[in-house]
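First the structure, in the form of structure tokens, and then the observations on it.
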Amino acid sequence: MARRTCSRNNVLIGTGPMISESFTEDLTLFTYVKNADYWKQDVLLDGMELHVVRDGAARLAGYRAGQYDAGGFATILPQAQALLASNPDTQLHYTPPANSLWAMAPNISNPKWDDARLRQAMMLAIDHQKIVDTVHHGLSSVLPVMPWIHVFDDPPGEAELGPWFKYDPEQASQLLSAAGFADGFEFALSHAYDFIDPTLAIVYDGFRDVGITVNIEKHDYAAFQAVYIGREFQESAAGYWVGGYDADNFFKVHLATGSSGNLGRVSDPQLDEWAQQQSHELDPDARREILRKIWDRYLDQAYRIPLTSEGTISTYAPHVRNYRVGAPLVSITVSGNEGTHIAPVWLDK
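Throughout, our numbering is defined as the position within the sequence shown, counted from one, plus 13.
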């Protein structure tokens, strides 16, 4: 093949099932044509249009008018129930989460958090089941940020989650007293996401009941990213945990000392040792044993305070075939992985 040069500013290169044809200047419409030379399998659609419609009501109206074949027309249970009532032939697909995308991250490098009993008390003060029932309408699970699918064959129960995921304000108060905070504890929390406010409201109530005061530092999105991803928050932050597919991302990148993904700035020599071991262990069973050690220690030390995440509801028109975008790792986005799903899709109309 002849060597060619291109400007990466205006040439898209890829080997996926669709080829980018055009996009609007306001980035609300992207058009694609099939890649007839796709290496993996025949692409069944001639092309695809990806519409960026930020308003949920507009998306739903467009679907009901036949403008869209798939998309986020219902993301929570009441919306899904309403959609099925008005459009009963709609296809719905629910995928339960394998981990919690959202969490509070104490800045472990700050001496304020040196005593693990303080973090454990915060865990015990949160009524996770109330979040599941009221915020997520029952379509959620109480899970840590680390995906259980890398460690267990079945979803973890109380024994696997350890002693701190239960709701026990009395024990939380006892731990606070033992840690020297019988008169209360106060900390600052940075965050930017309005849609997790209902979850945080339940968390704040639980904290308040045991004498923990949260001073909220609300940022706009851009400012928060600089503080959060840049690991510049001083005391704590609440946000999403950077996602990925493999165990290394969750059991090494997220927790190894000095790692860019270690947003809470954890520095635990034992975790560092295990993180390296699991990364190089070729025997699947032996690796899983190491991952279980990481799981147990990380949860016991309460290095992160998970904020329960919902599963994924995906919606499709009745004529769509072979299209599934729900992912068990809630940090995997639908729009960012379209190429994974589109090749076998066809329309029965």
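Glycine included, every Cβ here is placed at the ideal spot set by N, Cα and C. Predicted model only: the values in this text are computed from it and were never measured.
When DSSP states are grouped into helix, strand and coil, tryptophan 359 belongs to the strand group.
According to the DSSP assignment, proline 182 belongs to the alpha helix (DSSP H) that extends over 182-191. In this structure, Phe165 is the residue among Asn48, Gly85, Val66, Phe165 with its C-alpha nearest to the C-alpha of tryptophan 308.
If you draw a straight line from the Cα of leucine 312 to the Cα of tryptophan 126, it comes to about 15 Å.
Annotation: the continuous alpha helix (DSSP H) that includes leucine 73 extends over 69-77.
For the pair histidine 141 and lysine 306, the Cα-to-Cα distance works out to about 24 Å. In the DSSP annotation of this structure, the continuous segment of the beta strand (DSSP E) that includes methionine 61 starts and ends at 60-64. For the stretch 203-289, the full-length alpha helix (DSSP H) segments reaching 4 residues or more read 210-222, 234-241 along the chain. Straight through space, the alpha carbons of tyrosine 107 and tyrosine 51 are spaced by roughly 29 Å. Here methionine 159 carries a coil assignment [DSSP, helix/strand/coil]. Rounded to the nearest angstrom, the gap between the Cα atoms of phenylalanine 208 and aspartate 59 is 37 Å. DSSP lists Trp359 as the bridge partner or partners of arginine 334. Going by beta carbons, leucine 304 and glutamine 283 fall outside the 8 Å limit. Between the C-alpha atoms of glycine 243 and leucine 268 there is a straight-line separation of about 15 Å.
Relative to the Cα of asparagine 120, the nearest Cα in the group Ile318, His293, Ala74 belongs to Ile318. Contact between glutamine 133 and tryptophan 161 fails: their C-beta atoms lie close to 20 Å from each other, not under 8 Å.
Of the candidates Gln314, Tyr81, Leu90, Val266, Val266 places its Cα closest to the Cα of tryptophan 254.
The continuous stretches of beta strand (DSSP E) do not include tryptophan 52, and DSSP gives it neither H nor E. In its chain, beyond the 5 residues on either side, Pro110, Ser113, Leu114, Trp115, Ser153, Val343 have a beta carbon closer than 7 Å to the beta carbon of serine 322. A residue is called buried when at least 16 other Cβ atoms come within 10 angstroms of its Cβ; alanine 195 does not meet this threshold and is exposed. Asparagine 262 has its alpha-carbon roughly 17 Å from the corresponding atom of aspartate 281. Between glycine 84 and threonine 328, the beta carbon gap of about 7 Å places them in contact (Cβ cut-off 8 Å). Within 10 angstroms of the beta-carbon of asparagine 275 lie 16 or more other beta-carbons, which makes it buried. In this structure, alanine 288 keeps its C-beta atom at 8 Å or more from the C-beta atom of alanine 129. Across the set Asp298, Glu199, Ser186, Pro169, the C-alpha of Pro169 shows the shortest separation from the C-alpha of proline 157. The Cβ-Cβ distance between valine 227 and alanine 138 does not fall below 8 Å.
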